[in-house]
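Q: Numbering (our numbering), first residue to last: 720 to 1275. All residues carry an ideal CB built from backbone N, CA and C; glycine is no exception. A single structure is presented below for examination.
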């Protein structure tokens, strides 16, 4: 088998288990899996699980399967299947096997027959509400179904008739027969098959009964020979049933489930139900909206797979309890760290204010040299045009400056980045009193790189040449949901959408940006890192998404 490129992760409890299993001979080859349900798009929490599963296996030259737990055709779609495959590949991982739970439906059905013949499963005629009411509570056991003692023959016949389509949805279910008085509510005769007359994306109309996820999942692991079934801590109480299914269904391979603490980001919603609600109600621009925490949204916004992988590695894997809430600034830190040596540093003006340099020749134009990335000399330099009229940011001028304001104001002098000193002499206002144009003079002796030391200025501002500037749209983002605390039932989730989560402004970028392509990334001086939007950018219309601002107080 070909050896994979590996990343050696810091020690953690799962890694220690794997090392011990290999050392003792309990495991000869590590096999993990990433098992998404194709009922939505993957999000940042899934990225954590993806990295964990693939990198644990990679480090020990093992295998990782991508397997779709497609046991509920009502909520699943091929669109989700394809998006998940694209996301995993974009993150930089290649699965060793591509499987679907539906590939194993016949095997799962036969294993259910094994349980029935052993007297460990029965067909129940109770409704879903009746089953729920007799299940008990966390502190009090449940009561037996009146159908619990059906004979093996009757259960076999009814289950076969369920498969044949003789009954309506919800009319009957197949339940495991374990212990209705168990302190673990998951062992109180859980439902393992239900009737669903629904078209399945993979099996078509072949089946009208479908296995429940908690029954199907351990069987899938065992069929594929998964050695270490890694999942988040909310499945810890399910582990006894996971082990029961593998044991009582007499699976030849025995998989083991190990739980780790999940992570969540501040001001970030990762509930699939809520994310789908945002999409369905058009509160966002689809699953790939750059404000969404979906991997496709993060990709469109401009995050790199390297930054996400490094973020996950820094978090590590812990047993934990309910998981931890991670400051979003930590992810921002890894985005900046990854882009600072990759992104071309250029100038973009988001809120333009026209400047006329009155002592510059009206038909004059020259080319100035600018570094492409001051931290990465290998990226070289570029030539930028300069002429009599330029654009600067509106907030780089104040008619009546506040204390310690070092940019342009009447009588003040600043440096234009990569160009000259300019001094503001006059300005023009429109009928509403807004400043719409500055009149400045420049000092030709102060050209950048000339070695001029005659005087100093305290402010440096960016600009673009008005004659050659390329119009551009800039999309600026704030958190989509500012508060997602539970317990406020009277407040609709959609009412919590931040109305300022997207701000669109029209400005200009340097002439060389005309050749920018979708997913190209740039650092705009003083604004932050931006990505060329792949959805709305055309040959005649550049759209930039703000990836992350430049400043951060976070450190690792």
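Taking the alpha carbon of residue 1088 as the point to measure from, which residue in 1269, 1169, 993 has its own alpha carbon closest?
A: The shortest C-alpha separation from residue 1088 is found at 1169.
Q: Decide if residue 1058 is buried, meaning its Cβ has at least 16 other Cβ atoms within 10 Å, or exposed.
A: So residue 1058 counts as buried.
Q: Report the CB separation of residue 1108 from residue 1075 in whole angstroms; it is logged as a contact under 8 Å.
A: Indeed, because the Cβ distance is near 6 Å, the residues count as touching under 8 Å.
Q: Helix or strand or just coil, what does DSSP make of residue 1024?
A: It is helical.
Q: Check whether the Cβ atoms of residue 1123 and residue 1181 lie closer than 8 Å to each other.
A: Cβ atoms of residue 1123 and residue 1181: not closer than 8 Å.
Q: Helix, strand or coil for residue 1086, going by three-state DSSP, please let me know.
A: In this structure, residue 1086 counts as strand in the three-state DSSP scheme.
Q: Inspect the beta-carbon positions of residue 937 and residue 910 and report whether they are closer than 8 Å.
A: Not in contact: residue 937 and residue 910 (Cβ atoms no closer than 8 Å).
Q: When the Cβ atoms of the stretch 870-877 are set against those of the stretch 837-850, are three or more pairs found closer than 8 Å?
A: Output reads yes: the stretch 837-850 touches the stretch 870-877.
Q: Assuming residue 806 is part of the alpha helix (DSSP H), what are its boundary residues?
A: Unbroken alpha helix (DSSP H) run through residue 806: 797-809.
Q: Decide if residue 1125 is buried, meaning its Cβ has at least 16 other Cβ atoms within 10 Å, or exposed.
A: With fewer than 16 other Cβ atoms within 10 Å, it is exposed.
Q: What beta strand (DSSP E) runs, 3 residues minimum, are completely inside the stretch 874-953?
A: With a minimum length of 3 residues, the continuous beta strand (DSSP E) runs that stay inside the stretch 874-953 are 892-895, 910-914, 928-930, 947-951.
Q: Just to confirm before moving on: does the CB-CB distance between residue 1032 and residue 810 stay below 8 Å?
A: Contact: no.
Q: Can you list, in chain order, the residues of its chain whose CB lies under 6 Å from that of residue 773, leaving out five sequence neighbours each side?
A: Excluding positions up to five away in sequence, the list reads 783, 812.
Q: Can at least three beta-carbon pairs, one atom from the stretch 1080-1098 and one from the stretch 1246-1258, be found at a separation below 8 Å?
A: The stretch 1080-1098 vs the stretch 1246-1258: no contact.
Q: Of all the beta strand (DSSP E) runs that stay within the bounds of the stretch 732-817, which reach a length of 3 or more residues?
A: List check, beta strand (DSSP E) in window: 750-753, 782-787.
Q: What did DSSP end up calling residue 848 once you bin it into helix, strand or coil?
A: Residue state, collapsed to three classes: helix.
Q: Pull the bridge partners of residue 1260 from the DSSP assignment, please.
A: Looking at the DSSP assignment, residue 1260 forms a beta bridge with 1257.
Q: Kindly identify the DSSP beta-bridge partner or partners of residue 1242.
A: DSSP output for residue 1242 lists 1064, 1248 as bridge partner(s).
Q: Answer yes or no: do residue 1264 and residue 1021 have a C-beta to C-beta separation smaller than 8 Å?
A: A contact, by the Cβ cut-off of 8 Å.
Q: Rounded to whole angstroms, what's the CA-CA distance from residue 1011 to residue 1030? Just pull it up for me.
A: Each residue's alpha carbon lies about 18 Å from the other.
Q: Going by CA-CA distance only, name the one from 984, 1078, 999 that's closest to residue 1048.
A: Looking at the Cα atoms, 984 is the closest of the given residues.
Q: Just reading off the alpha helix (DSSP H) that residue 1052 is part of, what are its end residues?
A: It spans 1047-1058 - the alpha helix (DSSP H) in which residue 1052 sits, taken as one unbroken run.
Q: According to DSSP, is residue 828 helix, strand or coil?
A: Helix.
Q: Residue 1211: which of 1081, 1000, 793 sits nearest, CA to CA?
A: Taking only the C-alpha atoms, the option nearest residue 1211 is 1000.
Q: At the level of alpha carbons, what is the spacing between residue 1267 and residue 920?
A: For residue 1267 and residue 920, the distance between alpha carbons rounds to 38 Å.
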